[in-house]
Structure formats: C-alpha cells, structure tokens
Amino acid sequence: MSEKGGEVPEFIRTTMAELADIPNEFIRNELDEFVERDDERAELIELYSQSAPHLLEIGAAIISGRNEDSDRLTVEALQRGTGALEVMDDGLIAGMALVGIKFRENFIFVPEVLACARAMKAGMVHIEPILSASGIEPLAKVIMGTVKGDLHDIGKNLCIMMLRGAGFEVIDLGVDISADEFIDAVEQHNATLVGMSALLTTTMPNMGRTIDAFIDADVRDDVKIMVGGAPVTPEFADEMGADAYGDNAVECVEVAKRLVGVSR
Amino acid sequence: MSERIDSEAVERRRARMTRIFADIIQHAQVQCLSRCPYRDRRDLCTARFGCRNQGPVDPQHGLSSCLCDGELDYRGAWEVEDPEAVLAQWRAEADRPPPPPVDPEVQGEKTIRPGAVDCPGRQGATLFDLADDHDVRVDSSCGRMGSCHECVVEVLEGDEILTERGDGERFLADRFRLACQARVASPGAVTFAPLRRNPHVLTERPESHVDACPAVSRQGEEVFRDGEAIDQWRGRLIGLAVDVGTTTVAAELVDLETAESLCRGGFENPQRFGGSDVISRVAYDAQHDGEMHQAIIKALNNEILSMCQHAGVSRHTLYEILVVGNSTMRDLVFGLDVQTIGQRPYKSVTEHECLAGRRTGTALEAGTRQLGLVASAHGRLVSPPLVGSHVGADIAAGLLACDFDLDSGNRIFLDIGTNTEVVIGTPDRIVAASCPAGPAFEGGLVRHGLPACDGAIDTLKAIGSGFQYTTLADADPVGICGSGLVDLLAELKRTGQMTEMGVFTFGDGRAREVAVVDEPLITLSRQDASHLAQAKAASFCGQFILLRMLGIDPGKVQRVELAGGFAHSIDVRAAVSIGFLAPFDPDRVHRVGNAALEGARQLVLDTGRHDRVERLVERIEHIELETTEDFFEVFTEACQFKPMQL
Numbered sequence: 295m296s297e298k299g300g301e302v303p304e305f306i307r308t309t310m311a312e313l314a315d316i317p318n319e320f321i322r323n324e325l326d327e328f329v330e331r332d333d334e335r336a337e338l339i340e341l342y343s344q345s346a347p348h349l350l351e352i353g354a355a356i357i358s359g360r361n362e363d364s365d366r367l368t369v370e371a372l373q374r375g376t377g378a379l380e381v382m383d384d385g386l387i388a389g390m391a392l393v394g395i396k397f398r399e400n401f402i403f404v405p406e407v408l409a410c411a412r413a414m415k416a417g418m419v420h421i422e423p424i425l426s427a428s429g430i431e432p433l434a435k436v437i438m439g440t441v442k443g444d445l446h447d448i449g450k451n452l453c454i455m456m457l458r459g460a461g462f463e464v465i466d467l468g469v470d471i472s473a474d475e476f477i478d479a480v481e482q483h484n485a486t487l488v489g490m491s492a493l494l495t496t497t498m499p500n501m502g503r504t505i506d507a508f509i510d511a512d513v514r515d516d517v518k519i520m521v522g523g524a525p526v527t528p529e530f531a532d533e534m535g536a537d538a539y540g541d542n543a544v545e546c547v548e549v550a551k552r553l554v555g556v557s558r
Numbered sequence: 026m027s028e029r030i031d032s033e034a035v036e037r038r039r040a041r042m043t044r045i046f047a048d049i050i051q052h053a054q055v056q057c058l059s060r061c062p063y064r065d066r067r068d069l070c071t072a073r074f075g076c077r078n079q080g081p082v083d084p085q086h087g088l089s090s091c092l093c094d095g096e097l098d099y100r101g102a103w104e105v106e107d108p109e110a111v112l113a114q115w116r117a118e119a120d121r122p123p124p125p126p127v128d129p130e131v132q133g134e135k136t137i138r139p140g141a142v143d144c145p146g147r148q149g150a151t152l153f154d155l156a157d158d159h160d161v162r163v164d165s166s167c168g169r170m171g172s173c174h175e176c177v178v179e180v181l182e183g184d185e186i187l188t189e190r191g192d193g194e195r196f197l198a199d200r201f202r203l204a205c206q207a208r209v210a211s212p213g214a215v216t217f218a219p220l221r222r223n224p225h226v227l228t229e230r231p232e233s234h235v236d237a238c239p240a241v242s243r244q245g246e247e248v249f250r251d252g253e254a255i256d257q258w259r260g261r262l263i264g265l266a267v268d269v270g271t272t273t274v275a276a277e278l279v280d281l282e283t284a285e286s287l288c289r290g291g292f293e294n295p296q297r298f299g300g301s302d303v304i305s306r307v308a309y310d311a312q313h314d315g316e317m318h319q320a321i322i323k324a325l326n327n328e329i330l331s332m333c334q335h336a337g338v339s340r341h342t343l344y345e346i347l348v349v350g351n352s353t354m355r356d357l358v359f360g361l362d363v364q365t366i367g368q369r370p371y372k373s374v375t376e377h378e379c380l381a382g383r384r385t386g387t388a389l390e391a392g393t394r395q396l397g398l399v400a401s402a403h404g405r406l407v408s409p410p411l412v413g414s415h416v417g418a419d420i421a422a423g424l425l426a427c428d429f430d431l432d433s434g435n436r437i438f439l440d441i442g443t444n445t446e447v448v449i450g451t452p453d454r455i456v457a458a459s460c461p462a463g464p465a466f467e468g469g470l471v472r473h474g475l476p477a478c479d480g481a482i483d484t485l486k487a488i489g490s491g492f493q494y495t496t497l498a499d500a501d502p503v504g505i506c507g508s509g510l511v512d513l514l515a516e517l518k519r520t521g522q523m524t525e526m527g528v529f530t531f532g533d534g535r536a537r538e539v540a541v542v543d544e545p546l547i548t549l550s551r552q553d554a555s556h557l558a559q560a561k562a563a564s565f566c567g568q569f570i571l572l573r574m575l576g577i578d579p580g581k582v583q584r585v586e587l588a589g590g591f592a593h594s595i596d597v598r599a600a601v602s603i604g605f606l607a608p609f610d611p612d613r614v615h616r617v618g619n620a621a622l623e624g625a626r627q628l629v630l631d632t633g634r635h636d637r638v639e640r641l642v643e644r645i646e647h648i649e650l651e652t653t654e655d656f657f658e659v660f661t662e663a664c665q666f667k668p669m670q671l
C-alpha cells in the first residue's frame with residue numbers, strides 16, 4: 295500500500311448504510327452539506343440511518359434551533375412509548391452532535407449554537423422527571439446569573455449549557471441581577487451553588503458587593519460561590535472572597551463538581 | 026412510564042454531552058479572540074446591551090448589523106472605563122488593601138523577532154496563556170486540547186523552564202512545542218514565536234493571458250466533468266491554483282469561466298515543525314505517520330475558507346484544485362508515502378510505479394472529500410507530473426509558465442528556494458538538477474536571518490564604516506532576509522571586510538561577527554557566513570555542473586528565468602560577484618516571480634496544457650549532481666565567495 299490516501303478506508307467500505315438510508319430529508323441535507331470529514335460522515339450516517347424517523351424529527355428541531363418543536367416532539371415520542379435513553383441518544387444528543395460539527399467548521403456561530411442548546415434543553419426537561427423516577431437526581435442545584443449592571447450573557451449561557459449537560463439542575467436568573475435577587479433565588483430553590491458572571495471591568499466589583507451582601511444576609515455559609523468572566527482573574531476572585539474561579543465554561547463544570555464534592 | 030433506568034447508562038450519556046459541549050466551548054474560546062460571540066452567522070448583533078459597533082437594524086431579522094471589522098479587539102466596544110480606576114474605587118469603598126505593585130521587570134518586554142513573545146514565565150501558565158497576555162495570536166482549532174496540532178510554536182530561549190514533553194507532543198522535533206500543552210514549570214523567562222501567519226509569500230507572477238478551457242463546464246442546470254454530470258449548477262465554477270513550497274505556500278483563486286483572478290494568498294507551510302528542509306520532513310513523516318499530511322490539509326482548508334469568503338464565492342463551487350510542489354511536498358498533500366524520496370535514487374512512489382509500469386505518469390488526482398478538503402464534494406485535486414527525483418511538479422509548472430518548451434535557444438530556468446532547481450535547455454536537450462540549499466537564505470540557521478516579512482532588511486549597501494539598508498514595509502529592522510544577505514556578503518567582499526573564505530579581515534582577522542545594525546543589534550557571524558556559503562554552493566554546483574556538461578558559456582545564455590523565493594528581489598550583480606549565480610548577462614535575466622503558481626493557474630484554467638506539460642516533462646533528463654566525478658572539488662570551490670569561472 296503506497297497510496298495512503300488513495301482509497302476509501304476499510305471501515306467506510308464495509309459500512310452498509312448510505313446517506314440515502316437516513317429517513318429524514320433535512321438531516322440528510324445538513325449532513326451532506328456540512329460534514330466534510332469522511333470518518334465523521336460515516337459515523338453519523340451510521341447513527342442516523344438506524345434512528346427512528348420520529349426521533350430524527352427531534353434532532354432536526356434541535357439543529358434548526360426550534361425549541362417549541364423540540365418540546366412537542368419529545369413529549370410525543372415519550373407518549374408513544376419510546377424509551378427516555380433512546381430519545382436522548384437518537385434525538386437530543388444526535389442533533390447536538392451535528393450542531394457541534396457545524397460550529398467547529400464555522401458554518402454557524404455562538405448565537406446559533408445557544409439557540410440549538412435551548413432547543414435541546416426544551417426536550418431534556420421531559421426526560422429529567424423520568425430519570426428522577428429511577429432515582430437519578432441532578433448533581434446539585436445551581437443559581438446562575440450575570441451581576442447587576444451587566445447585560446452580557448453569552449459566557450454565562452455557555453456555562454449553563456455545559457452544567458446542564460453534565461447533570462446539574464440550573465436556575466438561570468438572566469442578566470443584571472442584584473444581590474437581593476441572587477439571595478432570594480438561593481432561598482427559594484434551596485440551591486447549594488451560585489455562579490456569577492461579569493463581563494465588564496465596571497461591573498466586576500458588583501460580584502464582590504454581592505458576596506458581601508450574602509455575608510450580611512447570613513446566607514454565605516449555605517452556598518459555594520463560583521465566579522467567572524473576561525475581566526475576572528483568580529487573584530481577584532480570591533480578593534472578593536469567592537470560593538472558586540473558572541476560566542471558561544469547561545472549567546466551570548469542573549469547579550462546580552469540585553465544590554459539590556462529586557470529583558476530587 | 027415505569028421505565029427503569031440504569032444510572033451508569035445516564036452517566037455515559039452525560040459524558041457524551043459533556044464532550045460535545047466541551048468541544049463547542051473550546052472552539053468558542055478560540056473564536057472569541059477574533060470574532061465577537063454575539064455576532065451571528067448573518068453578521069448581525071444578538072447582544073441586548075448597547076455596543077459601539079452596532080450599526081443599522083436589519084429589517085428582516087430585527088437585529089443590528091455589526092460594524093466591527095474584526096481587526097481590533099471587539100471587547101473595547103463594551104468596556105467603558107479605566108479598569109484600574111474602577112478597582113481602586115471598589116477597594117477604597119470596601120476598605121481593602123491594594124494588591125502588591127507589579128514588578129517593573131516583569132512588565133518589560135522586548136521583541137527579537139516579529140511575533141515573538143519574550144516574557145517572564147508565569148508558573149503554571151501555558152505558552153498559549155503567555156501569548157494571550159501579550160496579544161500574540163496563535164492558531165488553534167481544537168480549543169487548546171492538544172489535538173489539532175495547529176498551535177505549534179518555536180521556543181527560542183528558556184526551554185528548560187517548561188514542563189517535559191507529553192505524549193501529545195511526541196511528534197514535535199527539538200525546539201517546537203504545542204502552545205496549549207507546554208507549561209511553565211519553574212521560574213525564569215521564555216521566548217517563543219508562533220509560526221508566522223502573514224509572511225510575504227511571493228504570489229506575484231508573470232501575467233499572461235489564458236483562455237479558460239477548464240475540466241468542468243456548465244451545461245444547462247448541471248456541472249459536467251469528462252462528459253459526466255457531477256453536480257447541480259450553483260452559479261459559479263471556481264478553481265484554485267496552489268504552490269506548496271517547503272517554506273511557504275502560495276495560492277490563487279480563479280473563476281474557471283472568465284479566467285479572472287479572484288484573490289491571491291499565502292501562508293507559511295505549517296509542516297515546519299517537522300524540520301525546515303525536505304529531507305528532515307521525510308524523516309519526520311516516517312516517525313509520525315500522517316502528521317505532515319494533516320498539517321497541510323488543515324492549513325489549506327483554512328486558506329480555502331478565507332479566500333472564498335474574501336472573494337465572496339461559495340466553497341461548494343470550488344471544483345478544481347491544482348496543486349504543485351516539489352516531489353515531497355506534493356506527495357504529502359496527497360497523503361502518499363514519501364519515504365522513497367528520502368533515499369537513493371530519491372524518487373517518489375509515483376515515479377517508482379511508473380518505472381515498474383504500474384502507472385502511466387506521475388500526475389496525480391484525488392477527490393476533495395477523500396482528502397478532507399472543504400471544497401465542493403464533487404471537487405478534485407490534481408497535480409501535473411514530476412520532472413524527476415526531487416525536481417517536482419512545481420518546476421514542471423514553472424517551465425510551462427515560461428514557455429520553456431516553445432523556445433529552442435540556450436535557456437536556463439532557476440528556481441531558488443530551500444531547494445534550488447536548475448533546468449537548462451539547448452536546441453537538442455533539456456537537463457534538470459536539484460540542489461539542496463537548505464534554509465540559510467530563508468531565515469533558517471542564520472542568527473539574524475529572516476524569511477521575507479515586515480522589518481526584514483532586503484537591500485543593503487556598505488557606506489563608510491557602516492551600512493545603508495531598506496526594510497520590507499519600511500518597518501524598523503528586525504533581521505535580514507535572503508536578498509539582504511546576498512547584498513551583505515557581496516558588500517563585505519567588495520569592501521575587503523571579508524575574504525573569499527568568509528573570514529572577516531578587521532579586528533586582526535579574528536573578529537567573529539560584524540554588526541550590520543547597532544540598534545537593535547543585528548549581526549552576521551562567521552558561522553552564519555559559513556552556512557550561507559554552503560547554501561549558495563548548492564546553487565553554484567547545480568549551475569556549474571550542468572553548464573559544463575552542456576558546454577555552454579553563461580555569458581551566451583539567451584534567457585535566464587529566475588523564479589521563486591527571494592530571487593524576485595535579488596541583485597543579480599551582487600549574486601554573480603559571490604558566485605551565487607553564474608556570470609549571466611544581467612540584461613538577459615528575467616525575474617518571473619512565482620512561476621510555479623502561474624503554471625498551476627494556467628493548468629487549472631486550461632486543461633489542454635496538461636498534455637503540453639506531460640510532453641515537456643518527458644523531454645527532460647534528470648541529472649544527479651552527486652554522481653559527478655569531481656563533485657567534491659566543485660563543491661569546495663563553490664563554497665567560496667567569488668564569481669564562478671567556467
């Protein structure tokens with residue numbers, strides 16, 4: 295074999311499935327249009343061609359960021375007796391896998407990805423009670439919000455996407471959240487973890503002020519507080535009295551797991 | 026719904042989601058360095074806060090357009106006040122002590138090479154973090170996970186303070202590290218440079234008219250190739266010509282119907298981490314199968330996306346990519362085994378297969394999808410044949426661009442680069458040879474040597490006791506590129522400051538280096554001169570041996586075509602005076618720029634020229650210089666800085 299790139303790899307040739315076998319036109323077109331790598335194409339064709347058409351509809355809804363459809367289709371699938379794990383595999387995760395590839399190849403950008411993640415969450419909402427019924431509970435309840443005066447939400451939203459994917463229950467307070475709103479949410483939801491984000495130098499001190507308010511309200515010891523955002527540094531997090539700092543959304547999950555004691 | 030669910034099954038799914046999301050986050054993080062995350066795929070702004078870059082509202086989607094050009098850090102448009110003042114105010118209000126002052130030493134910073142980072146190591150920080158601190162951009166597409174291998178940096182000093190190489194970095198040679206993996210482990214300073222993003226790649230080429238007669242054509246609502254419908258009509262037929270050099274890659278996007286040039290670009294060959302010359306790349310490929318191939322494919326994909334975007338055409342209309350390069354570079358693009366090129370008789374597997382009758386020519390063709398290129402799924406990658414041994418498809422294309430086959434006088438084609446190729450034609454014969462010059466004139470081995478980039482000294486004259494010089498882009502001098510080095514050697518020689526043997530005559534003949542620029546200090550050492558002597562000797566040997574073999578007087582050569590690399594800006598008289606070029610008549614020397622790229626352009630536009638190049642290649646005899654009986658004596662002579670005598 296002198297021509298390494300000369301032939302189609304073995305695993306692709308022996309695969310029976312072809313693009314035409316995928317029982318959903320939208321997914322077929324998306325895959326053909328956006329997935330360039332031969333190995334990924336083969337893998338996804340294999341996955342989608344074996345999925346039930348009604349689950350591929352869920353995937354299609356996620357890929358196009360239609361959360362009402364994702365919500366409705368997931369309910370319908372569960373009602374007709376499809377297993378929760380199968381809905382996750384062939385609907386929710388399968389849809390998100392293609393989203394990830396489109397994003398990596400710069401065909402879509404962060405706002406589109408977040409819309410897709412929202413659609414996925416709309417489906418997951420119906421899966422969670424089924425998991426709870428089997429005794430599988432969320433890792434912890436997390437309150438997330440951007441501090442007072444700050445309207446930036448992308449970093450926080452990416453963190454929420456990661457946290458939910460990893461099995462946390464997240465209460466998203468949104469942007470421009472005052473110290474009182476954070477404290478109220480902790481008490482109302484009985485949360486053990488708070489994540490605060492600030493994207494501006496001007497609003498970063500509001501994190502410190504919020505932590506001070508937690509102390510004044512005597513709830514500081516009830517929760518662990520993690521902070522992040524572009525201007526925030528580990529040193530500043532420390533100076534403010536936060537429990538942990540995460541540099542990005544992946545670290546956010548690691549930090550959250552550490553704070554609630556599920557890893558290290 | 027009494028489904029019983031196993032917690033481990035859920036755990037596995039959570040892990041899978043986390044992996045998908047983590048990939049997304051990591052890509053987002055890299056993307057955020059150059060593109061605002063609030064900007065959607067229509068380039069509209071999804072931010073709900075006021076941003077200075079917000080433009081008129083798009084009536085269809087109800088969102089503002091984004092006026093950010095992406096050149097500047099977009100975050101400046103959100104930030105409103107001096108960060109230090111804000112923090113100081115907060116500290117005063119909360120009655121907190123200010124943090125210890127920053128050591129001024131730590132903030133000091135000097136640049137020794139364009140794009141290099143020279144800074145104190147921050148314990149635990151990756152080189153990527155340090156690059157971020159200094160706003161130096163390093164490429165990555167895996168989100169710093171160590172898997173894309175795009176963030177290769179060259180550690181110039183301070184390697185010892187970094188962590189040991191991990192498994193993910195085993196593929197890298199000596200000074201090269203992955204910026205995302207190498208961390209500062211102990212106190213000290215480190216200097217490193219990313220692979221250059223915007224080198225002055227020679228994309229200038231001789232202009233010549235080509236009638237479009239491409240391999241693909243539109244027939245009604247379909248696109249045809251070789252009488253077969255391959256795709257639906259998508260509005261354009263685009264082609265790409267690429268010259269993959271050992272050091273730099275140049276590319277040109279063309280409209281296959283109108284022959285119009287849409288855009289040209291160039292970048293440094295990312296395979297540099299596998300060594301700077303062809304032979305080290307071959308050796309490297311033996312140990313790290315596929316790394317070289319992947320590196321060039323990824324870089325080509327980046328270039329295709331950015332060129333298509335720049336030209337405003339869809340990548341799905343890119344049907345034909347014509348790639349040329351020396352035998353090793355070309356075969357690596359196609360993912361072929363290059364080991365046979367590294368050992369005698371130095372032939373590509375395609376050449377061996379030809380000789381064995383298993384193939385009719387060394388031309389290559391492969392599907393874009395098969396190679397993972399982001400062109401049309403029905404596109405293909407084509408290469409013309411190799412001339413022979415190391416003399417590759419780039420020379421075949423370059424000769425075509427100079428109409429070498431249509432002339433019958435005494436003519437020479439010289440492509441000067443990391444590998445220098447010499448082709449000489451007489452009325453009856455065409456002979457070719459390859460001379461491994463190495464990278465000394467292209468920024469390698471020579472301490473203050475640089476490839477062409479902003480601030481490189483490109484011309485130089487000795488005036489009084491110093492030098493007068495010009496730099497590229499008129500930037501402050503940072504080093505010397507090839508044409509500047511040729512001038513420098515010629516001037517040192519002319520003014521008697523250096524002997525033919527490369528020994529400096531001042532300082533009682535014991536001086537080890539000569540200062541070219543005092544501030545910043547740019548020097549040429551004896552060792553530099555020795556590397557340059559060997560590099561120019563390769564070019565000398567090629568010309569000398571072929572001219573002698575054919576019995577041609579260089580002064581009588583009617584056409585000298587000087588192609589590639591720094592030959593474009595080289596001073597012919599200076600080059601002749603140090604024996605870099607044979608004593609040709611300077612008036613007969615034509616600088617043809619990137620002839621290989623022009624040849625590739627002609628071939629992608631006019632499929633009829635493939636036959637011409639096939640016939641031309643068949644006429645060329647390849648000469649192995651090393652087999653010349655007195656090669657060693659010629660080489661010794663060639664290493665001296667004096668005009669060639671035939």
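Chains as they are written, first to last, in this note's numbering: chain A, 295 to 558; chain B, 26 to 671.
For every residue, glycine included, the Cβ atom is placed at its ideal position computed from N, Cα and C.
Against Pro528 of chain A, what residues of chain B qualify as contacts under a CB-to-CB distance less than 9 Å, listed in chain order?
Within chain B, no residue comes near Pro528 of chain A; the closest Cβ sits about 10 Å away, beyond 9 Å.
Inspect the CB distances between the region 358 to 369 of chain B and the region 428 to 444 of chain B and report whether three or more fall short of 8 Å.
no
From the DSSP output, in three-state form, read off Asn326 of chain B for me.
Residue state, collapsed to three classes: helix.
Taking the straight line between their C-alpha atoms, what separation do you get for Leu575 of chain B and Asp251 of chain B?
42 Å
Just the Cα atoms here: how many angstroms apart are Tyr309 of chain B and Ser301 of chain B?
11 Å
With a threshold of 8 Å between beta-carbons, can Gln319 of chain B be considered close to chain A, or not?
no
Alpha carbon to alpha carbon, how far is Phe74 of chain B from Arg66 of chain B?
19 Å
Mapping DSSP to helix, strand and coil, what is Phe529 of chain B?
Correct three-state label for Phe529 of chain B: strand.
At a CB distance below 7 Å, what residues from the region 456 to 485 of chain A approach chain B? Give them in sequence order.
Per Cβ criterion, the list reads Met456, Gly459, Ala460, Gly461.
So, helix, strand or coil for Leu181 of chain B, using DSSP?
strand
Check the Cβ-Cβ distances between His52 of chain B and every residue of chain A, and say whether any is below 8 Å.
Taking Cβ atoms only, chain A reaches closer than 8 Å to His52 of chain B, which makes this a yes.
Output yes if chain A places a C-beta closer than 8 Å to the C-beta of Pro410 of chain B; else output no.
Answer no: the Cβ-Cβ gap between Pro410 of chain B and chain A never drops below 8 Å.
When you compare only the Cα positions, how much space is there between Cys566 of chain B and Cys460 of chain B?
8 Å
Buried or exposed, going by whether 16 or more other CB atoms sit within 10 Å of the CB of Asn323 of chain A?
exposed
Does the Cβ of Pro545 of chain B have 16 or more other Cβ atoms within 10 Å, making it buried, or fewer, making it exposed?
Answer is exposed; the Cβ neighbour count stays below 16.
Considering only residues of the same chain and omitting the five flanking positions on each side of Lys518 of chain B, which have a CB-CB separation below 7 Å?
If you ignore the 5 residues before and after Lys518 of chain B, its C-beta comes within less than 7 Å of the C-beta of Ser602, Ile603, Phe666, all in its own chain and listed in chain order.
Report the neighbours of Leu330 of chain B on chain A: residues whose CB is nearer than 8 Å to its CB, in chain order.
Residues of chain A passing the Cβ test: Asn400.
Give me the chain B residues within the contact set of Asp332 of chain A, using Cβ-Cβ distance strictly less than 8 Å, ordered along the chain.
Arg394, Gln395, Gly397
If distances are taken between C-alpha atoms only, which option among A:Ile448, A:Ala416, A:Arg398 comes closest to Gly353 of chain A?
A:Ala416
Check the Cβ-Cβ distances between Val404 of chain A and every residue of chain B, and say whether any is below 8 Å.
yes
Exposed or buried, which one is Lys442 of chain A when buried takes at least 16 other CB atoms within 10 Å?
Lys442 of chain A comes out buried.
Skipping 5 residues on each side, what residues in its chain have a beta carbon closer than 6 Å to that of Val464 of chain A?
Val436, Met438, Ile454, Leu457, Arg458
Measuring only the C-alpha atoms, how far is Phe328 of chain A from Asp256 of chain B?
About 16 Å.
Regarding Arg405 of chain B and the ligand HEM, is the C-beta to nearest heavy atom distance less than 7 Å?
Because no ligand of any kind appears in the structure shown, any question about the ligand HEM cannot be addressed here.
Quick one: residues in its chain with C-beta nearer than 7 Å to the C-beta of Val404 of chain A, no 5 flanking neighbours on either side, listed in chain order?
Ile448
Go through the region 464 to 542 of chain A residue by residue and report every complete run of the beta strand (DSSP E) that reaches 3 residues or more, in order.
487 to 491, 518 to 522
Would you say Val161 of chain B faces chain A, with C-beta separation under 8 Å as the test?
no
Taking CB distances under 8 Å as the criterion, tell me whether Val407 of chain A reaches chain B.
yes
Answer with yes or no whether the minimum CB distance from Ser90 of chain B to chain A is below 8 Å.
no
Tell me, please, whether the CB atom of Glu134 of chain B is closer than 8 Å to any CB atom in chain A?
Note that Glu134 of chain B scores 32 on pLDDT, short of 50, meaning its location in the model is unreliable and no value can be drawn from it.
Starting from Ile49 of chain B, find everything on chain A with Cβ-Cβ shorter than 7 Å and list it in chain order.
In chain order: Gly394, Phe397, Val407.
Using a cut-off of 9 Å between C-beta atoms, extract the partners of Thr440 of chain A located in chain B.
Result: empty, since nearest Cβ-Cβ is about 10 Å, beyond 9 Å.
Using three-state DSSP, classify Glu36 of chain B as helix, strand or coil.
helix
Quick one: what's got a C-beta closer than 6 Å to Gly389 of chain A's C-beta in the same chain, skipping five residues either side?
Gly353, Ile356, Ile357
Find the residues of chain A that neighbour Asp65 of chain B, judging by a C-beta separation of less than 7 Å, and give them in chain order.
Phe403, Pro405, Glu406
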